[in-house]
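Per the working numbering, the sequence shown starts with residue 10, numbered consecutively.
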Amino acid sequence: MLGGEVEAPRLYRDPGDPYFAAIRAVAEEVVSEWFAVYGAPIMRDALIKRVIEVIKGRRLRGAWPWPIPRYDTVRRRVNELIEPSVVGSPTPAIALEAKILGRRTTVYFPNPLRVRPEKRREVLEVIREWENAKKRRS
């Protein structure tokens with residue numbers, strides 16, 4: 010263990026654990042920042058990789074007391090972003106299935122109910138565009 014490191018839970022599966030909550034908080038930030046910069050949702054794989062990158066950066070600056078989470082740990086926390094039983098309601102993110110370049114994936118949007126009112130319309134419009142595109146392809 011490195012100096013100042015808090016041990017990650019081993020087989021502890023409580024989603025309310027501070028380690029898991031911190032990973033979800035980073036994932037929520039990444040979803041929001043991505044949308045703010047690109048005006049588009051973020052694909053699940055890109056979200057997971059970006060969360061890990063952000064955590065590594067925080068770790069280097071001493072702002073992340075836990076070990077770097079594994080890919081699967083981050084994937085589970087990302088999935089929890091859309092589960093009201095874990096994160097409450099309204100959830101921090103909304104996910105839609107998408108087919109991009111022939112590959113099925115999930116894309117994540119910030120939940121319009123949790124963004125500033127002036128930004129809400131933009132988020133809703135982009136979500137509608139993605140839903141309509143999905144219907145046209147079906």
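For glycine and all other residues, C-beta sits at the position ideal for the given N, C-alpha and C.
These numbers come from a predicted model, not from an experiment.
Residue j beta carbon less than 9 Å from that of residue i
i: Thr96; j: Leu90; result: Reading off the sequence, residue 96 comes out as Val, not Thr. Their beta carbons are under 9 Å apart, which means Val96 touches Leu90 by this criterion.
i: Pro5; j: Arg86; result: Missing from the structure shown is residue 5; the chain here goes from 10 to 147 and no further.
i: Pro119; j: Val63; result: no
i: Arg33; j: Arg53; result: no
i: Trp73; j: Ala107; result: no
Reference residue i; option with closest CA among the options
i: Ala55; options: Leu122, Val116, Arg145, Pro24; result: Val116
i: Glu127; options: Ala45, Pro24, Val35; result: Ala45
i: Val135; options: Tyr47, Gly66, Asp81, Val60; result: Tyr47
Sequence-distant residues of the same chain with beta carbon closer than 6 Å to residue i, five excluded per side
i: Pro93; result: Thr100
Sequence-distant residues of the same chain with beta carbon closer than 7 Å to residue i, five excluded per side
i: Glu37; result: Leu90, Pro101, Ala102
i: Arg129; result: Pro121
Distance cut-off 8 Å: residue i Cβ against heavy atoms of the ligand SAM
i: Gly111; result: Annotation note on the ligand SAM: not contained in the displayed structure, which lists no ligands.
Length of the line joining the Cα atoms of residue i and residue j
i: Met10; j: Arg59; result: Reliability of the predicted coordinates at Met10 is poor, the pLDDT of 48 falling under 50, and no value is obtained from them.
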